[in-house]
Every structure is written in C-alpha cells, then in structure tokens.
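**Student:** Our numbering applies: residue 944 is where the sequence shown begins, and numbers increase by one.
Heads up, the beta-carbon is just placed ideally off N, CA and C, and yes, glycines get one too.
I am attaching a structure below and will ask some questions about it afterwards.
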Amino acid sequence: CWCMLLAPPVIPPHPEATILTNSGKYAHYGPGLTQRKFRFGSMQECVVTATTGTLPKRSDLTLPAWLQTRHFTTRARNVIRSMLRR
C-alpha cells in the first residue's frame, strides 16, 4: 500500500481503529504493520465507507465480485472468511 511508504505512514491515529481494504495483501500484512484491525471488503464497500465515514456492519460485508466466482481450496476459503470476520 502506498500509504505505508509515506513518512509518517497514513494510518488512523486511534489504536482501536479498523481499516477497511479491498487489498488481500494489505489485509494480511496491515495488522502487523499498523497495529490496527483490518477488514477485507469490495471496492464498493471501501468507497461507501470513505464517503460516509461509516464502516459497514460485518454482516453487510461481502466478497468482491471477482472472488465470488472463483473456486478455492478449503484453506484459502477459510483465510478469506477470517479476513471478513475481523
């Protein structure tokens, strides 16, 4: 994520903040880099969150369309589901 290359990186200042991202890589590495909680969502959910300032309820989060049509191993499916539940 480009925001991690800035000095200082652009992350929410509150330690209890949750970051919504549509990047699987950032959802995976972000918690360790930022010490914040992460949720994985679609581009639409990211745009709605950015424009409203409100993070969707966990039950409202869905896989991005490009992930809904893929076939995954059980392990990969469980990793994706865990990212949605955070």
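#1: Suppose you measure from the CA of Gly984 to the CA of Thr992; what does that come to, to the nearest Å?
#2: In its own chain, which residues sit with a C-beta less than 8 angstroms from the C-beta of Asn965, not counting the 5 before and 5 after it?
#3: By a C-beta neighbour count over all protein chains shown, 10 Å radius and 16 as the cutoff for buried, is Thr977 buried or exposed?
#4: Over the uninterrupted beta strand (DSSP E) stretch that includes Lys980, give me the two end residues.
**Tutor:** The structure says:
#1: In this structure, the CA atom of Gly984 is about 10 angstroms from the CA atom of Thr992.
#2: Non-local C-beta neighbours of Asn965 in its own chain, meaning closer than 8 angstroms and more than five positions away in sequence, comprise Phe983, Gly984, Ser985, Met986, Glu988, Cys989, Pro1007, ordered along the chain.
#3: Looking at its Cβ environment, which holds 16 or more other Cβ atoms inside 10 Å, Thr977 is buried.
#4: Residues 980-983.
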